[in-house]
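Worksheet: the structure to be examined is printed underneath.
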Amino acid sequence: MGLAFFMPPGIPRVCGPAKLAVPVDRNARLSYVSAVKKLEIITLPDRKLRAVSAPVERIDDEARRFMDDMLAAMYEAPGIGLAAIQVGVPRRIVVLDVAKREEEGSEAHPMFLVNPEILEVSDDRAVREEGCLSIPEYYAEVERPAGVRVRYLDREGKRQEMEATGILATCLQHEIDHLDGKLFIDYLSKLKRDMVIKRFAKQSRQDAKAKAL
Ligand code: NI
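In this text, residue positions in the sequence shown follow the numbering used here: the first is 605, and each later residue adds one.
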């Protein structure tokens, strides 16, 4: 059943097997590859960002390919974490790589988390500046528990548990929030949050106008 099973109906098949927009030149393999649509990250005020994502029932090759595509989109952005809903797919999948950020020039260390759950949070809290690929170029300090214990399925569908502190703990909480339709601006004062939402709504209207011209 593959993708049809993995993607609920009515969701744009952004990660689907390519429906080619251009005719394939059978002699040139490269043109086929470049015609495959890359995952696009959605931004405010897209209402899909408020959707509650559904659990993944089966981690098959299709799901793994989707996770790899998510990771590629995250690196390209560039970002350190991405939830599936940020590419318009309401499934409980998160990809992360905080290694590059923590140590300049360090190697990639991607993590794939399917159906992640926060089991425990620490009493001590930490304030960290957060940003989000779906709220571009806006950063604000957010206070969250400094440590978390998380249970999830890895890329192979194996049950895993991890304890995290530091930037990884922040990133895990930020991404898992996305799966419940929650954004980091929800932790800010109503005044600040409304300002951000207004700014992105205005920008979106201006973009639509520019497109119509
Ligand atoms: Ni985010």
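Glycine included, C-beta positions come from ideal geometry on N, C-alpha and C.
Source: prediction; values computed, not measured.
Is the beta carbon of residue j closer than 8 Å to that of residue i?
i    : j    : result
V660 : I697 : yes
V752 : E734 : no
L675 : V718 : no
V656 : G785 : yes
V754 : P720 : yes
R763 : M671 : no
For residue i, count neighbouring Cβ atoms within 10 angstroms of its own Cβ and tell me buried if that reaches 16, exposed if not.
i    : result
Q810 : exposed
S738 : buried
R633 : Low local confidence applies: a pLDDT of 44 at R633 is under 50, so the model's placement there is unreliable, and no value is given.
R748 : buried
D728 : exposed
E765 : exposed
E779 : buried
N631 : Any reading at N631 must be qualified, since the residue scores a pLDDT of 49, below 50, and its modelled position is unreliable; no value is offered.
E666 : buried
V693 : buried
L795 : exposed
L776 : buried
L817 : exposed
K813 : exposed
Contact check, residue i vs residue j under 8 Å by CB: the rounded distance?
i    : j    : result
R695 : A688 : 5 Å
F804 : V746 : The pair is not a contact, with the Cβ atoms about 18 Å apart (cut-off 8 Å).
L648 : I801 : 7 Å
L653 : I646 : 7 Å
L700 : A677 : L700 to A677, Cβ: 13 Å. No contact.
T774 : R732 : 5 Å
A750 : A730 : 4 Å
Under the DSSP definition of a beta bridge, which residues are partnered with residue i?
i    : result
R764 : What sits at residue 764 in the sequence shown is Gln, not Arg. Q764 is bridged to Y756.
R695 : A658
P749 : R729
F670 : None, per the DSSP bridge assignment.
E734 : A744
E721 : R755
L700 : G685 and M715
I739 : C736
T602 : There is no way to answer for residue 602, as the model of the chain reaches only from 605 to 817.
Could you tell me whether any non-hydrogen atom of the ligand NI is closer than 7 Å to the CB of residue i?
i    : result
C775 : no
L737 : yes
H713 : no
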